[in-house]
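Each residue of the sequence shown is one higher than the one before, counting from 475 in the numbering used here. Remarks on the structure that follows.
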Amino acid sequence: MPAGIQTFNLDGSLEIDYTTRLGLFIGTVQTDAVHGNSTWVGPLPPGDFFFYVVPPPAQPGRTPTVWYSDGRVYWGTDVDGNGQPVFTLVPATVLYGVH
Numbered sequence: 475m476p477a478g479i480q481t482f483n484l485d486g487s488l489e490i491d492y493t494t495r496l497g498l499f500i501g502t503v504q505t506d507a508v509h510g511n512s513t514w515v516g517p518l519p520p521g522d523f524f525f526y527v528v529p530p531p532a533q534p535g536r537t538p539t540v541w542y543s544d545g546r547v548y549w550g551t552d553v554d555g556n557g558q559p560v561f562t563l564v565p566a567t568v569l570y571g572v573h
């Protein structure tokens with residue numbers, strides 16, 4: 475039985491098809507409120523990195539954007555023209571994996 479997600483354009487053409495590559499969650503990371511911080515997670519299996527931020531209870535600030543590079547998971551927020559964070563980050567739990 476097939477499993478996954480498909481989305482279609484208004485004209486009925488297929489736009490996104492995740493029925494052939496389901497994701498694999500690999501681990502979790504606890505972020506802090508420091509923009510650009512990271513933690514070592516090691517090499518990931520082949521595939522595209524994906525993440526899901528579990529939002530904390532309501533508090534001022536913004537949940538992080540997350541990315542993977544060279545064995546590390548990084549987190550941060552938008553920056554201004556001088557490279558300074560625009561928003562205050564809130565610590566969060568991040569589930570990550572590949573698909």
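By construction, the Cβ of each residue, glycine as well, lies at the ideal position given by its N, Cα and C atoms. On a predicted model such as this, the values are computed, not experimentally measured, just so you know.
Query                                                                                           : Result
Contact check, L563 vs A507, beta carbons under 8 Å                                             : yes
Sheet register partners of L563 (DSSP bridge)                                                   : R536
Secondary structure of T481, DSSP reduced to three states                                       : strand
Buried/exposed call for A566, threshold 16 Cβ in 10 Å                                           : buried
The segment 510–529 contacting the segment 546–558, beta-carbon criterion three pairs below 8 Å : yes
Residues bridged to S487 (per DSSP)                                                             : BP columns for S487 are empty, so no partner.
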